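*Asks:* Residue numbers (UniProt numbering): 1 to 487. Glycine residues also receive a C-beta, built at the ideal position from the N, C-alpha and C atoms. Model, not experiment: these values are computed from the prediction. Structure below; questions to follow.
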């Protein structure tokens, strides 16, 4: 019947009723055909409406009584028209009539980080004054901006098996010609039979390092002019070392033997003609400066324990001046230390201080070294370019000197950047590299004069830093007339 109607045959309501079974589905199909083919006969519409009403389809029957059936729009989903005169809401704002649902946050934000203490960030007058220099040319990006830490910290672990910055890695020369460094003085021939081992300090680059006592010095050795202490540091070449290791060891002996300065430890002699080969370096009565400082307190301390050992501010600057003097000498010979710190300075009578390089061999200072890509590095004393780019120069030694000066003025009571992990410290070095102004400097030590802290901050500049000649002259002027009172 539907196909017959679709052919356009004209029929009345009675003919349709004859062929259509009165069901809801049939009435609906007839209704659709009427609407689609545009039948406008009021009689047909009325008759079909009666059929629809009989089938219980009241809404459809009512629609057939009108010429045009309006579209059904659900008011529940109707979007209200926006009045042109109304002000549109700001973007991304929620409708005013609907409040956002409450959020159930099981991970609340941490409390805000408290601001750093006053004067934590360096802002010195030296840095602020003077003409503005043009920005330095951009550095080529390093292969990896953040080096890979093989362990988060070296605390609690030894340095065995690590290639560190000690031994032949420290006190290295940047000159390609050894002849430029001067003639090698004749070394006293030490026999290992005259050495008594007192303490094993640890492994070095070429072999074990021991603290020894000299039972008898060679006849040609002037003990008075060279050292007043019978204790020496002996660096051994491990038995069975390769020929290349032997050559490197002997080259180090010759290089260090050239260093003749009152504030640099001297090579006293060597044993190179028989096994085990060794190099004998002077030691000093009071050991390293780090332990020496921790055994003393400031002269201006509010409470002085009984029998306390005190150091004046003048004595602290006096010791720092000697370190600067020794480093000025190394700088003049194009030697780079790479590991300058209080642990690598030795103290003798009258607060005499000499720069050394034995700390990496001592397990006592293993926490000061970070295992960075297979090397034990003192990153808390290192300049940013040394950490990220592996670049060691006299300027990076200047950076380390400022950290050493900070240690001296705080009596070595805490590790530099003790509040930062090794990872955070490397991130801080990255801020220096990016020059984004977010770098952190060591805080102002208690009772430290402003001009001394300004000097430290100059040494921690990203690019332009003073040289050791300028640093030594500055400290000398700040400590004119001081004479050590220690016996």
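Taking just the CA atoms, how far does residue 388 sit from residue 311?
*Replies:* Taking the first residue of the chain shown as 1, we reach residue 311 at position 311. Taking the first residue of the chain shown as 1, we reach residue 388 at position 388. Whole-angstrom Cα-Cα distance: 37 Å.
*Asks:* Is the distance from the Cβ of residue 455 to the Cβ of residue 471 below 8 Å?
*Replies:* As a working mapping, residue 455 is identified with position 455 in the chain shown. As a working mapping, residue 471 is identified with position 471 in the chain shown. Yes, these two residues count as a Cβ contact at 8 Å.
*Asks:* Would you report the Cα separation of residue 380 and residue 417, rounded to the nearest angstrom?
*Replies:* Walking along the chain shown from the start, residue 380 turns up at place 380. Walking along the chain shown from the start, residue 417 turns up at place 417. Near 7 Å, if we compare the C-alpha coordinates of residue 417 and residue 380.
*Asks:* Check whether the Cβ atoms of residue 502 and residue 265 sit closer than 8 Å, and answer yes or no.
*Replies:* Not covered by the structure: residue 502. The range shown for the chain is 1 to 487.
*Asks:* Please classify residue 371: does DSSP put it in a helix, a strand, or coil?
*Replies:* Residue numbering aside, residue 371 sits at position 371 when the chain shown is read from its first letter. DSSP places residue 371 in strand when its eight states are reduced to three.
*Asks:* Which two residues bound the contiguous beta strand (DSSP E) that contains residue 346?
*Replies:* Numbered from 1 along the chain shown, position 346 holds the residue referred to as residue 346. Element bounds for residue 346: 345–347.
*Asks:* Could you give the first and the last residue of the continuous beta strand (DSSP E) run that contains residue 269?
*Replies:* For the purposes of this step, residue 269 is taken as the residue at position 269 of the chain shown. That run of the beta strand (DSSP E) goes 267–271.
*Asks:* Hey, residue 281 and residue 232: beta-carbon distance below 8 Å or not?
*Replies:* By one-based count along the chain shown, residue 281 stands at place 281. By one-based count along the chain shown, residue 232 stands at place 232. Their beta carbons are under 8 Å apart, which means residue 281 touches residue 232 by this criterion.
*Asks:* Kindly indicate the opening and closing residues of the beta strand (DSSP E) around residue 279.
*Replies:* Stepping through the chain shown from its first residue, residue 279 is reached at position 279. Unbroken beta strand (DSSP E) run through residue 279: 278–282.
*Asks:* What is the rounded straight-line gap between the Cα of residue 251 and the Cα of residue 424?
*Replies:* Walking along the chain shown from the start, residue 251 turns up at place 251. Walking along the chain shown from the start, residue 424 turns up at place 424. So the alpha carbons of these two residues sit roughly 38 Å apart.
*Asks:* Could you tell me the distance, in whole angstroms, from the CA atom of residue 234 to the CA atom of residue 276?
*Replies:* The residue you call residue 234 lines up with position 234 of the chain shown. The residue you call residue 276 lines up with position 276 of the chain shown. C-alpha separation (whole angstroms): 11 Å.
*Asks:* Contact defined as beta carbons within less than 8 Å: I believe residue 400 pairs with residue 341. What is the distance between those atoms, to the nearest angstrom?
*Replies:* Numbered from its first residue, the chain shown carries residue 400 at position 400. Numbered from its first residue, the chain shown carries residue 341 at position 341. Indeed they touch by this definition, with Cβ atoms about 7 Å apart.
*Asks:* In angstroms with no decimal places, state the Cα-to-Cα distance between residue 305 and residue 481.
*Replies:* For the purposes of this step, residue 305 is taken as residue 305 along the chain shown, with counting starting at 1. For the purposes of this step, residue 481 is taken as residue 481 along the chain shown, with counting starting at 1. Straight-line Cα distance between these residues: approximately 29 Å.
*Asks:* Which partner residues of residue 235 appear in the DSSP bridge assignment?
*Replies:* Looking up residue 235 in the chain shown gives position 235. Partner(s): 209 and 279.
*Asks:* Going by beta carbon distance, what residues of the same chain come within less than 7 Å of residue 315, once the five residues before and after it are set aside?
*Replies:* Start at 1 with the first residue of the chain shown, and residue 315 comes out as number 315. If we look at residue 315 and ignore the five residues flanking it on each side, its Cβ neighbours are 351 and 484.
*Asks:* Could you check the C-alpha separation between residue 201 and residue 362 for me, to the nearest Å?
*Replies:* Taking the chain shown and counting its residues from 1, one reaches residue 201 at position 201. Taking the chain shown and counting its residues from 1, one reaches residue 362 at position 362. Spanning the two alpha carbons is a distance of roughly 5 Å.
*Asks:* Using 8 Å as the threshold, is the C-beta distance between residue 435 and residue 462 below it?
*Replies:* Position 435 of the chain shown, counted from the start, is the residue given in the question as residue 435. Position 462 of the chain shown, counted from the start, is the residue given in the question as residue 462. Going by C-beta atoms, residue 435 is nearer than 8 Å to residue 462.
*Asks:* The beta strand (DSSP E) with residue 196 in it runs from where to where?
*Replies:* On the chain shown, position 196 is the one that residue 196 refers to. 195–203 is the extent of the beta strand (DSSP E) around residue 196.
*Asks:* Do you know offhand how far residue 320's Cα is from residue 295's?
*Replies:* In the chain shown, residue 320 corresponds to position 320, counting from 1. In the chain shown, residue 295 corresponds to position 295, counting from 1. Residue 320 and residue 295: Cα-Cα distance of roughly 17 Å.
*Asks:* What's the gap between the Cα of residue 308 and the Cα of residue 374?
*Replies:* Looking up residue 308 in the chain shown gives position 308. Looking up residue 374 in the chain shown gives position 374. When rounded, the distance between both Cα atoms is 42 Å.
*Asks:* Should residue 350 be listed as close to the ligand HEM, given that the test is whether its C-beta is under 7 Å from any heavy atom?
*Replies:* By its list of ligands, the structure shown contains no ligand whatsoever, and the ligand HEM lies outside what it can speak to.
*Asks:* Are the Cβ atoms of residue 410 and residue 445 separated by less than 8 Å?
*Replies:* Taking the chain shown and counting its residues from 1, one reaches residue 410 at position 410. Taking the chain shown and counting its residues from 1, one reaches residue 445 at position 445. The answer is yes: Cβ separation under 8 Å.
*Asks:* Can you list, in chain order, the residues of its chain with a C-beta nearer than 6 Å to that of residue 343? Leave out the 5 residues immediately preceding and following it.
*Replies:* Here residue 343 refers to the residue found at position 343 of the chain shown. Closer than 6 Å at Cβ, skipping near neighbours: 288, 290, 359 and 365.
*Asks:* Quick check: the Cα distance between residue 437 and residue 403, rounded to an integer number of angstroms?
*Replies:* Numbered from its first residue, the chain shown carries residue 437 at position 437. Numbered from its first residue, the chain shown carries residue 403 at position 403. Taking the straight line from one Cα to the other gives about 20 Å.
*Asks:* Alpha helix (DSSP H) containing residue 424: first to last residue?
*Replies:* The sequence position of residue 424 within the chain shown is 424, counting from 1. From DSSP, the alpha helix (DSSP H) with residue 424 extends over 422–434.
*Asks:* Per DSSP, what kind of secondary structure is residue 289 in: helix, strand or coil?
*Replies:* Sequence index remark: in the chain shown, residue 289 carries index 289 (1-based). Three-state result, residue 289: helix.
*Asks:* Excluding sequence positions up to five away, which residues of its chain have a Cβ less than 7 Å from the Cβ of residue 196?
*Replies:* Reading the chain shown from its first residue, position 196 is the one you call residue 196. Closer than 7 Å at the Cβ level, and outside the excluded window around residue 196, lie 212, 213 and 215.
*Asks:* Among 300, 267, 407 and 272, which residue has its Cα nearest to the Cα of residue 323?
*Replies:* One-based indexing of the chain shown puts residue 323 at position 323. Per the Cα distances, 407.
*Asks:* Would you report the Cα separation of residue 204 and residue 313, rounded to the nearest angstrom?
*Replies:* Within the chain shown, residue 204 is the residue found at index 204, counting from 1. Within the chain shown, residue 313 is the residue found at index 313, counting from 1. Going from the Cα of residue 204 to the Cα of residue 313 covers about 35 Å.
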